[in-house]
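Protein chains: 2
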Amino acid sequence: MLLRGRPRALGAAALLLLLLIGFFLFGGDPDCELGSEREARRGGGDPGSIPGSPTPRVPPDGRPRSRGTAAFDVDPPADPGGHNSSDCLPPPPPPPKCELLQVAIVCAGHNSSRDVITLVKSLLFYRKNPLHLHLVTDAVARNILETLFHTWMVPAVQISFYDADELKPQVSWIPNKHYSGLYGLMKLVLPSALPPDLARVIVLDTDVTFASNIAELWALFAHFSDKQAIGLVENQSDWYLGNLWKNHRPWPALGRGFNTGVILLRLDRLRQAGWEQMWKLTAKRELLTLPATSLADQDIFNAIIKEHPWLVQPLPCMWNVQLSDHTLAERCYSEASDLKVIHWNSPKKLHVKNKHVESFRNLYLTFLEYNGNLLRRELFGCPCPPPPGAEQLQQALAQLEEQDACLEFRQQQLAVHRVHITFLPHKPPPPQPHDVTLVAQLSMERLQMLEALCRHWPGPMSLALYLTDAEAQQFLRFVETSAVLSARQDVAYHVVYREGSLYPINQLRNVALAQALTPYVFLSDIDFLPAYSLYSYLRASIEQLELGGKRKAALVVPAFETLHYRFSFPSSKAELLTLLDAGSLYTFRYHEWPQGHAPTDYARWREAQAPYRVQWAADYEPYVVVPRDCPRYDPRFVGFGWNKVAHIIELDAQEYELLVLPEAFTIHLPHAPSLDIIRFRSNPTYRDCVQALKDDFHQDLSRHYGAAALKYLTALQQPQGPV
Amino acid sequence: MLLRGRPRALGAAALLLLLLIGFFLFGGDPDCELGSEREARRGGGDPGSIPGSPTPRVPPDGRPRSRGTAAFDVDPPADPGGHNSSDCLPPPPPPPKCELLQVAIVCAGHNSSRDVITLVKSLLFYRKNPLHLHLVTDAVARNILETLFHTWMVPAVQISFYDADELKPQVSWIPNKHYSGLYGLMKLVLPSALPPDLARVIVLDTDVTFASNIAELWALFAHFSDKQAIGLVENQSDWYLGNLWKNHRPWPALGRGFNTGVILLRLDRLRQAGWEQMWKLTAKRELLTLPATSLADQDIFNAIIKEHPWLVQPLPCMWNVQLSDHTLAERCYSEASDLKVIHWNSPKKLHVKNKHVESFRNLYLTFLEYNGNLLRRELFGCPCPPPPGAEQLQQALAQLEEQDACLEFRQQQLAVHRVHITFLPHKPPPPQPHDVTLVAQLSMERLQMLEALCRHWPGPMSLALYLTDAEAQQFLRFVETSAVLSARQDVAYHVVYREGSLYPINQLRNVALAQALTPYVFLSDIDFLPAYSLYSYLRASIEQLELGGKRKAALVVPAFETLHYRFSFPSSKAELLTLLDAGSLYTFRYHEWPQGHAPTDYARWREAQAPYRVQWAADYEPYVVVPRDCPRYDPRFVGFGWNKVAHIIELDAQEYELLVLPEAFTIHLPHAPSLDIIRFRSNPTYRDCVQALKDDFHQDLSRHYGAAALKYLTALQQPQGPV
């Protein structure tokens, strides 16, 4: 009895356990009911397909129209009570807490660089694991992204760059009609381009946005069978069904095929399987009958998968919700409780038509406008090497005293601003020996100066913009809607992201200065409009004066000001003098701060026919043209006060001649005082702090130049600080 | 053989299944290893405690110091191979896709209202379920939050308000020393205050921030045993251990006690258990020996739990990571792979000292600065009634034609801006029959006007600020650091959140106007400074002219302008006239747009000793004082142009007398032209669209006023639009 009873009891217990497992593993997750994975694994919607088949079934004709739209439709569960484990895998356990996840992205050019940053922001927002980003970039993107990540200082993120131009020959033989161009094909060469010891990687297009933790995606590697090497989400359009229009002849694919915007790659297995030969053979064979790829790498991936279906592990549809034109993605997202990754794979991108696009766009805008500084969050409990410089920064910040009245200044000086150089497409000027770049910095409230500046200065410019992430997007739209600005490719805009309460004026100037590509720079301010002729006059003067050889000089551009917003800009020095005499123009800050420009000697300038040398005097802050390798601005000066004065002292200390140009002029336009100037005027502590900066500066000056710096200290004794 | 073999095979299968279950259920989740729940369930760190006991064990002395800090420490697993199911429950399955989740929050006053919005933003960001928010508010918070949610229009969010003042008597007898005051105690009365059919609710403090989907928290209700009614996270400080300082005598609690910043409440069970009597009895009894509650409701909750330990279901520590002073939370968050809820439960809030506070602060700032408009995301596949007005809005937007050259204008007109009235603490002015509120609107770039305006206008103001969420925080800091601004309680700041590319000037004016609380309003612009005496002079004039009775009048305040940022403001009309004659001042827009103020008749004003009546003429746009119930501004005028002109026409059409005040004046300060004015000047399409708005306006005017509106149309025939 006992023996006979036990098997029954055990059998019942086992059944109960099976039911329990069924409930816990598959009953709880409504996403599990999504057709994508189940159907893809079934290999077709036809009832005769083999349930539980580990690889997609290849229908006999290779283009299984019978699957129709069912592939990622949500079928009413055929068997509502029980889910078969091969139909629907449970979400695998997340990777261990501090496991390093590997991500590869191909990125080229200015616009893609902006896109990839938004993608990375979404990634970082949800991630809980250390990440290693493998970026395959052209020179432009590398330049941008290297600066950005260096200044971003996100903990637990490693970056490696790979030269896309070196990889080009491997794919450039493939004719391709896709808008992504040659770079679109580069995902094919990742197994050989990435380090040989890298076994797994998630490959992402630049136009995807994460809405969840990438570790959940990484965890899906666990579902791979022994042979599977490529994880992909099925296409959410009918493209590969070949019925979109008459004579539409897509590349071969299994049914709807797969989308390569999000790929899980087992690099080790692909290498073992002879991937390089495999894809090249397939591509060459197909190109015998097809003129070119239409969807770049995706066509080739699909052709390979059609040939070697055992390679692919289908992924749940919500890991690549494709908002292409005529997308069928709604079948996925209206049932899923959770969208994981959104893919803007229409050439129209955010402007794609879709009744739900507004909601997806909101998610995208979230990260587009997200303050990237906030992603400098630690991963608690993960021992990762800090980003370069982070430890020194932490130490310096820790040494600040909370009671210091100038704490705000000290914090601002230590702030490491994220820098996005050449935020918009930019074409470097052709090398010319006497060319000059106008260098300036601004924030949103001076944006309206840009068009006028472009009209006045036809040459190259390097402008640093101090913006929030959201403002950077407003700025982008501003340029796009301005005919004047969008016509200019020689203006480089460098976004320096805001952090802290004081305007880091000299740090901004240094960013713009460092990015100037001509041998000379005109160090201007954004509220000045140069004479129309200044650009060509400066180049002629530089040539004439034989600057750049042994002669170390700063050319002074005399500064004037108007008090009227609308005035007719003088077209010549003669006209300017007439306006000056009529009281419509003044020499700059004539009323408030004459010593700032007094040494320029306006009286002499009136009569001057040739450049004349002037001597430095206290508080002199002219606008000058200097070689690009001139001294940098002193970044300790933040907020209002003394930022240019210190730079001119530095030039003088380094024995730059100060030469005033007789035909050059620039005119300041009126604007409301900045918040910093208001604080300077109204707040004695603020003024004390600026004074402390000046004192520090002079100490450093004496230390550096010794007795030669004495004259600056002496000048300082005569109390006449800015008011 | 067969029969004998089966039991063994079945036994082995069962064992395997058990192991499998063990692995899937408990092996995968590292958070599961956290001590919080396991330890709390054990009831103590002593090895002799009863593993798997369903309720916390009450140590004999009631204050189990032996538990020490172990309660939410991560112990090295005593039994590394297998986890006992009572030690560590798996995360329960999430609630069904569209299940409505219930949340209750107590909120009173201006500052708490700002806090609760940040909390709600974090909630909405991660949520996938419809939510019903039950807000227990005082009148101030209700006014703010009602307007906010009404204009926010978030899909799938229901709001119910409960009057905190009505509930006060139920808790006001309890002496309380906690900074949250009486409102801190109100969570105790939720079972009776919330609707009787509401069975479950998550109760949140206003100082918590979500870092995850609230549905995961809701799912923990599934862990409640039949009797448990309160889900809480253990305290992450030693407060209730009573050893923080000498003679520190906290309320009784189980060990470290529990924190009530996040509560899962089974309201149904509490009602059944006679909650009201229960907590009142306990509180009264404890208050016999203790002078007051120190931590408000939390003291009483803990005392009850100590008495009725079966009531509590301990929750995993990451659902309430407490950043109190001297927090021990690091033990929780350094091991968890995922923080769920952060609780700023120090009186220092974000300024609390903690080596990791920067990372937590970043998460908080994420939602503080998050563009709330982006939370207007649909929940795909959840059939929820749309927010009031949403359908009409959708229809109106759908009717716009993409090819319309003025599409931008039409979209801007339809934009529903989130409005946060009285963003900062505000004391309404005491009712006075002739009092006047200055009404104006501004955006960030005019912030620097506020201090000067406060000096010039000592009376009440109602200002609409057009800001992003991030700018609203900058504005807050700006006010906090300004002695002048923070001294004023009679200035009401209403934040209207930015949306769209055109400045919705008249919508802003209407918000400020609607919130003015005095019988009269001075409709000004932010770049004007009124005469120092204007406030008192206006009140006297209103009284003298017996306005408000039968006399329907608009008092004209003549407008002037200076072209210098810094000038000495005239202290009297005589001084003003001197400056005018000296050419230091001009009548407003004398050079660019004289017709805007010509009817004011400045020549007559020079000599006037008494108010004089003037007649409307085309393009007249004076600054006027009118009764608060005056016509609203026409919201169709967005961007630059004609926005005030239309309002004055409306006043004239409604037969307001236009009376110029002989001693009143206001002076415009210079500023750079706005982006909208620049677009108006440079963009012919923009001007055409403004013209189209004017035409529409006149059509409506004729429809409304018939023949009486003829004069406005006639005036329009003479072409002289603004330049």
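Going down the list, the protein sequences come from chains G and A.
Per the working numbering, residue 109 is the first one in the first sequence, and the count goes up by one each step.
Per the working numbering, residue 109 is the first one in the second sequence, and the count goes up by one each step.
Beta carbons are placed, not taken as given, at the ideal position from N, Cα and C, and that holds for glycine.
Bear in mind that the values here come from a model prediction, so they are computed numbers and not experimental data.
{"Query": "In three-state terms, what does DSSP make of G/Phe180?", "Result": "Annotation note: pLDDT 42 at G/Phe180 (below 50); position unreliable, coordinate value reported separately. Helix."}
{"Query": "Run down chain G in chain order and give the residues with a C-beta less than 7 Å from the C-beta of A/Gly489.", "Result": "Ser442, Glu443"}
{"Query": "In three-state DSSP terms, what is G/Gly339?", "Result": "strand"}
{"Query": "If the cut-off is 8 Å on Cβ atoms, which residues from the segment 472–488 of chain G count as contacting chain A, listed in chain order?", "Result": "Leu473, Thr474, Glu477, Tyr478, Asn479, Asn481, Leu482, Leu483, Arg484, Arg485, Glu486, Phe488"}
{"Query": "G/Leu508 to G/Leu783, Cα distance in whole Å?", "Result": "25 Å"}
{"Query": "Does the beta carbon of A/Ala578 come closer than 8 Å to any beta carbon on chain G?", "Result": "yes"}
{"Query": "In whole angstroms, what separates the C-alpha of G/Ile322 from that of G/Phe332?", "Result": "17 Å"}
{"Query": "Inspect the beta-carbon positions of G/Val527 and G/Val604 and report whether they are closer than 8 Å.", "Result": "yes"}
{"Query": "Starting from A/Cys215, trace the beta strand (DSSP E) both ways and give me its first and last residue.", "Result": "209–215"}
{"Query": "Does G/Glu588 have its Cβ less than 8 Å from a Cβ in chain A?", "Result": "no"}
{"Query": "Less than 8 Å separating the beta-carbons of G/Asp246 and G/Asp315?", "Result": "no"}
{"Query": "With a threshold of 6 Å on Cβ separation, who are the neighbours of G/Gly365 within its own chain once the five nearest residues in sequence on each side are excluded?", "Result": "Asn343, Tyr348, Asn410"}
{"Query": "Run through chain G and tell me which residues come within less than 8 Å of A/Asp446, C-beta to C-beta.", "Result": "Lys236"}
{"Query": "Among the candidates G/Ala726, G/Tyr710, G/Phe805, G/Phe745, whose CA atom is the shortest distance from the CA of G/Val768?", "Result": "G/Tyr710"}
{"Query": "Decide if A/Gln723 is buried, meaning its Cβ has at least 16 other Cβ atoms within 10 Å, or exposed.", "Result": "exposed"}
{"Query": "Give the secondary structure of A/Glu771 by DSSP, where H, G and I count as helix, E and B as strand, and everything else as coil.", "Result": "coil"}
{"Query": "So for A/Gln421, helix, strand or coil by DSSP?", "Result": "strand"}
{"Query": "So within the segment 260–329 of chain G, which uninterrupted beta strand (DSSP E) runs reach at least 3 residues, ignoring any that extend past its ends?", "Result": "265–271, 308–312, 316–318"}
{"Query": "In chain order, what residues of the same chain lie with their CB nearer than 7 Å to the CB of A/Thr793, ignoring the 5 residues before and after it?", "Result": "Ala513"}
{"Query": "Helix, strand or coil: which one does DSSP assign to G/Ala639?", "Result": "coil"}
{"Query": "For the segment 486–511 of chain A, which segments carrying the alpha helix (DSSP H) assignment without a break, of at least 4 residues, lie completely within its bounds, in sequence order?", "Result": "498–507"}
{"Query": "Sort A/Ala264, A/Phe745, A/Lys205, A/His534 by Cα distance to A/Pro494 and report the nearest one.", "Result": "A/Ala264"}
{"Query": "Is DSSP giving G/His242 helix, strand or coil here?", "Result": "strand"}
{"Query": "How would you label G/Arg585, buried or exposed, when you count the other beta carbons within 10 angstroms and need 16 or more for buried?", "Result": "exposed"}
{"Query": "By DSSP's criteria, G/Met552 is part of a beta bridge. Which residues make up the other side?", "Result": "DSSP, once it has assigned bridges, lists no residue as partnering G/Met552."}
{"Query": "Is G/Thr397 helix, strand or coil by DSSP?", "Result": "coil"}
{"Query": "Where does G/Thr670 fall in DSSP's three states?", "Result": "strand"}
{"Query": "Give me the residue from A/Val429, A/Ser220, A/Ala600 with the minimum Cα distance to A/Val449.", "Result": "A/Val429"}
{"Query": "So G/Ser679 packs on G/Tyr640, CB below 8 Å; how close in whole Å?", "Result": "6 Å"}
{"Query": "Could you compute how far the alpha carbon of A/Pro201 sits from the alpha carbon of A/Ala307?", "Result": "20 Å"}
{"Query": "Buried or exposed: G/Leu389, going by 16 or more other Cβ atoms within 10 Å of its Cβ?", "Result": "exposed"}
{"Query": "What residue does the beta strand (DSSP E) around A/Pro735 start on, and which one ends it?", "Result": "731–735"}
{"Query": "Would you kindly work out how many angstroms separate the C-alpha atoms of G/Thr589 and A/Val370, rounded to a whole number?", "Result": "48 Å"}
{"Query": "Would you mind reading off the limits of the beta strand (DSSP E) that contains A/Arg721?", "Result": "720–722"}
{"Query": "For the segment 406–436 of chain A, which residues have a CB atom closer than 8 Å to at least one CB atom of chain G, in sequence order?", "Result": "none"}
{"Query": "Please report the distance separating the alpha-carbon of G/Pro159 from that of G/Ala361.", "Result": "Any reading at G/Pro159 needs caution, since the residue's pLDDT is 33, under 50, leaving its predicted position unreliable; the model's value is listed next. Taking the straight line joining both Cα atoms gives about 21 Å."}
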